[in-house]
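Encoded as structure tokens, the structure appears first; notes follow it.
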Amino acid sequence: MTYLLRQGLVVHSSSTRVADVLVSEGRIVDVATTIELPRGADEIDVQGCWVGPGFVDVHTHLREPGREAAETIESGARAGAVGGYCALVAMPNTEPALDNVALVSYVLDKGARTPLDVAVAGAISQGREGLHLAPLAEMAALGVRLFTDDGTGVQDPSLMRRALEYARPLGVRLAQHCEDESLAAGGSMNEGVISSRLGLVGRPALAEELMVLRDIELVRLTGGSVHFLHLSTARSVAMVSAARREGLDVTCEVAPHHFSLDESACAGFDAQFKVHPPLRTVEDAIALRQALREGMFDAVATDHAPHSPELKDRAFDEAPAGMLGLEHAAALTYEALGGPDADPLRFFEVMSRGPARVAQLRAGDVRVRHSAHGGDVSVGDDANLTVFDPRQRWTASREDLQSRARNTPYDGRSLIGRVTTTIAKGQLVVHEGKLV
Amino acid sequence: MITSIRGRNLLTLDQLSDAAILEVLDTAELFVEVNQRTIKKVPALKGRVVASLFFEESTRTRLSFETAAKRLSADVLSLAVASSSVKKGESLRDTIATIDALGIDAVVMRHSSSGAAHQVGGYVPHVRVINAGDGLHQHPTQGLLDVFTVRQVLAERAHAKGSETGKEMFAGLHVLIVGDIRHSRVARSDISAYTALGADVRIAAPGTLRPASLEEWPVRVVDDFDEALEWADVVGVLRLQRERGTGSFVPSLAEFTETYGLTSERARRLRPSAIIMHPGPMNRGVEIDSAVADSPAAVIERQVSNGVPIRMAALYLSVNGTAEETPS
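Protein chains in written order, with the working numbering: chain A, 29 to 464; chain B, 38 to 365.
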């Protein structure tokens, strides 16, 4: 198929310009001030919109296998597409966990039948139990570039050290959910004045920060690399930024809910607002937004965590942690970057180029089965493109979700900016905000 | 701030104004008299249905609430909901929907999860919800009956009726709450009620049994329990909640008793006029000595008796009252 995107603001890696973009046979074949419409091509008017590399989510829970009632690879990919994503990295905390080649292949095969690229993060430990290393080398041979026990962090520092030493020569990265379970045990929201008043057991910021600190030091010791998942406190970001300045190979992400919401949302005991790490203080959310604007995060990552309604209906302390993210992340990121003042370069950096770098999905990376993401939007690039209209005002609604689950914390929230077009692997997947 | 619980749910005391609390106390005073009659029954809630849903074990509070509802002539649906209903797979929403389908006006509920009563309030907005204790969060009727008991005792000493004294008995009253504050919904409700009425509340507890992030609590933490006993007009002793794993928060029960138990020796520091309270059930010999619990200064049985009129008042106002009836 051939598509001509007319007169959008094309967001290259380090510059922007209003131009036409011609996509054909899965690649970008021309970018120019004006391009004559080729015969048989579909013309898409994107005036006033931003045209950039397709979004990449390094942190998606697709729930398959094991919890298909909440999400499937197929439904998650649909949710991703309307959110502007062209590539998702499926987290391994499925049932059973993605800790061997058979299960990784299963997810990759199912992913290949969706319009998006679905990559896999493998488990660090067998069964995500934190005891014995999973076969990282075998999974790496299938193209797995990220390993994590996400859902929980690797608690044992000795195992984490071994994993870092083992992963390093494989050229893969470990991603850590930082929360010390002995400090966070039994907690269901941020520990602070609100949890104290509500009588909910808290998960202290220190539970996260202690593991961030530990893993920075383990990276220093081993020369390995760690990607810090969903950092939620001001101090966590400060520590990772300092480590990066020292030259350590660390990257980090922030989830939209951690900069768009804060712990006060839990005051009504609605478990839609329960997530790990928990929503933190207003001050933390402000600090995360500032860090995002200043470029301290490699990626905005959704931590899209579908749960079926009957589980989220439980009492706050009994409900599972996690919330949806794919379909609203772009608008929330735009808002956090300053809305009308948002820098389109920064926007596509955290939504596409940064996460593609972390997930090793860029053109120069050793990729297996997947197309290239996070490119410059230049001739020859694989055609993964997202068009974002920063002018559209809309209201998030639980009823409008493509996800199988309904556990969005943003129901009724006013948003600015919406994905209008997603072209993934050369195909038009979303047009005028709707699945094609 | 909520200025009256008429026609409203009673979920927490931390948003009730002094007027709302006094309205319950004054109403309860009328019901005290009912409880002293030979025929202990009024038709206030005749034809109304009150469901009593205890997801967590309780004998005292449940009996007290059911007695209160029956004395108001309400029909009581008492449902034995094991705390394992979640394990059996039924959600709180489904349980409530089932009971609601039977036709009810109010739910009295206890649950081991903080906020469970709030959630139920959202599921059945046409039903009044009375929180009979949710997790570590609140136990509103206990807080109300505690301030009611204190006012009653102090008013009697002044040869006055409680309702005539309003909240004046609480102005600057020294209230010391001691023990397992961290795990106590009673402490949270007591502190809300006492401070709303103007009392000066201090808490004493081992470092591990003080709640995290106390800075916004309207209380002062005292480090010297013995000294605070000399200061106190009212001492509220809390139950050491061993069932919530409190054991691991202190080195031993013996050390807890040694440092924060209201022993006979320590009770001698109290002013002669001091009032000793305990929400029950007591761990005699742990947080309070038997001799202290049975001393004239202790009003523990009176707290139990007052539970009925307070719960009658809460049910009556919440179920029977409509928001329009609230004086503006």
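Every residue gets a Cβ at the ideal spot worked out from N, C-alpha and C, and that includes glycine.
Report task. Select from the stretch 341-366 of chain A all residues with a C-beta closer than 7 Å to any C-beta belonging to chain B, and list them in chain order. Result -> ASP341, ARG342, ALA343, PHE344, ASP345 and GLU346
Requested in this report: Taking 8 Å as the cut-off, decide whether the C-beta atoms of A/ASN412 and A/THR309 are in contact.
Outcome: no
**Report entry** Range covered by the alpha helix (DSSP H) that runs through A/SER186
**Finding:** 185-195
**Report entry** Stretch-stretch touch, CB-based, cutoff 8 Å, three pairs: the stretch 63-82 of chain A with the stretch 99-109 of chain A
**Finding:** Flag = no, the stretch 63-82 of chain A and the stretch 99-109 of chain A do not touch.
Query - Buried versus exposed call for A/ALA315 [16 or more other C-beta atoms within 10 Å across all chains shown] - result: With a threshold of 16 other beta carbon atoms within 10 Å, A/ALA315 meets it and is buried.
**Report entry** Span of the alpha helix (DSSP H), counted from its first residue to its last, around A/ASP70
**Finding:** No alpha helix (DSSP H) contains A/ASP70, which is instead part of the beta strand (DSSP E) from 70-73.
Query - Start and end residues, beta strand (DSSP E) containing B/ASP227 - result: Per DSSP, B/ASP227 belongs to no beta strand (DSSP E); it is in the alpha helix (DSSP H), 222-233.
**Report entry** For B/PHE207, three-class secondary structure by DSSP
**Finding:** helix
Report task. Reducing DSSP to helix, strand and coil, say where A/GLU123 ends up. Result -> coil
Query - Sequence-distant residues of the same chain with beta carbon closer than 6 Å to A/ARG263, five excluded per side - result: GLU237
Query raised in the report: Taking the C-alpha atoms as reference points, what is the distance between B/ARG108 and B/GLY44?
Result: 19 Å
Requested in this report: Could you check how far apart the C-beta atoms of A/ARG156 and A/GLY179 are, in whole angstroms? I think they sit under 8 Å.
Outcome: 7 Å
Query raised in the report: With 16 other CB atoms within 10 Å as the buried threshold, where does B/SER365 fall?
Result: Confidence at B/SER365 is low in this model, with a pLDDT of 32, below 50, so its placement is unreliable and the value that follows should be read with caution. It counts as exposed.
Query raised in the report: Who are the near neighbours of A/HIS258 in its chain, counting only those whose CB is closer than 8 Å to its CB and skipping five residues on each side?
Result: HIS87, HIS205, GLU281, VAL282, ALA283, HIS286, PRO305, ALA329 and ASP331
Requested in this report: Can you give me the Cβ contacts of B/LEU182 inside the same chain, cut-off strictly under 7 Å, excluding the 5 residues immediately before and after it?
Outcome: GLN340, ASN343, GLY344 and ILE347
**Report entry** Of the residues A/GLY139, A/LEU443 and A/TYR134, the one placed nearest A/ALA115, counting alpha carbons only
**Finding:** A/GLY139
Query raised in the report: In chain order, what residues of the same chain lie with their CB nearer than 7 Å to the CB of A/ASP439, ignoring the 5 residues before and after it?
Result: ALA424, SER425 and ARG426
**Report entry** Cross-strand partners of A/GLU281 (DSSP beta bridge)
**Finding:** Looking at the DSSP assignment, A/GLU281 forms a beta bridge with A/ALA327.
Report task. Tell me whether A/THR61 sits in a helix, a strand or coil according to DSSP, three-state version. Result -> coil
**Report entry** Boundaries (first-last residue) of the alpha helix (DSSP H) holding A/THR142
**Finding:** No alpha helix (DSSP H) contains A/THR142, which DSSP labels as neither H nor E.
**Report entry** B/SER121 to B/VAL223 span [Cα, whole Å]
**Finding:** In this prediction, B/SER121 scores a pLDDT of 48, lower than 50, which makes its location untrustworthy; the coordinate-derived value is nonetheless stated afterwards. The alpha-carbon atoms of B/SER121 and B/VAL223 are separated by roughly 24 Å.
Query - Cβ-based burial, B/GLN52 [other Cβ within 10 Å; buried from 16] - result: exposed
Requested in this report: Assign B/MET38 to one of two classes, buried (16 or more other C-beta atoms within 10 Å of its C-beta) or exposed (fewer than that).
Outcome: exposed
Report task. Determine whether the Cβ of B/ARG222 lies closer than 8 Å to any Cβ atom of chain A. Result -> Judged by the 8 Å Cβ criterion, B/ARG222 is in contact with chain A.
**Report entry** Start-end ranges of the alpha helix (DSSP H) lying completely within the stretch 116-203 of chain B, minimum 4 residues
**Finding:** 122-125, 129-138, 153-160, 177-194 and 199-202
Query - chain B residues whose Cβ lies nearer than 8 Å to that of A/PHE297 - result: Going along chain B in sequence order, the residues near A/PHE297 (Cβ under 8 Å) are SER151, GLY152, ALA153, HIS155 and GLN156.
Query raised in the report: With which residues is A/PRO372 paired in a DSSP beta bridge?
Result: Answer is none; A/PRO372 lacks a bridge partner.
Query - B/LEU62: first and last residue of the uninterrupted alpha helix (DSSP H) it sits in - result: 55-72
Query raised in the report: By the 10 Å Cβ neighbour count, where 16 or more other Cβ atoms means buried, how is B/LEU210 classified, buried or exposed?
Result: buried
Query raised in the report: In chain B, which residues lie with their C-beta within 8 Å of the C-beta of A/GLU219?
Result: The contacting residues are ALA249 and SER250.
Requested in this report: Have a look at B/SER149, B/TYR160 and B/HIS155 and flag the residue whose alpha-carbon is nearest the alpha-carbon of B/ALA138.
Outcome: B/TYR160
**Report entry** Buried versus exposed call for B/VAL356 [16 or more other C-beta atoms within 10 Å across all chains shown]
**Finding:** By the neighbour-count criterion, in which a residue is buried when 16 or more other Cβ atoms sit within 10 angstroms of its Cβ, B/VAL356 is buried.
Query raised in the report: How would you label B/ILE76, buried or exposed, when you count the other beta carbons within 10 angstroms and need 16 or more for buried?
Result: Under this definition B/ILE76 is an exposed residue.
Query raised in the report: Does any CB atom of chain A fall closer than 8 Å to the CB of B/SER110?
Result: no
**Report entry** Proximity to B/ILE133 [Cα-Cα], best of B/SER89, B/ALA105 and B/ARG99
**Finding:** B/SER89
Query raised in the report: chain A partners of B/ARG8, CB-CB under 7 Å?
Result: The question about residue 8 of chain B has no answer, for chain B in this structure spans 38 to 365.
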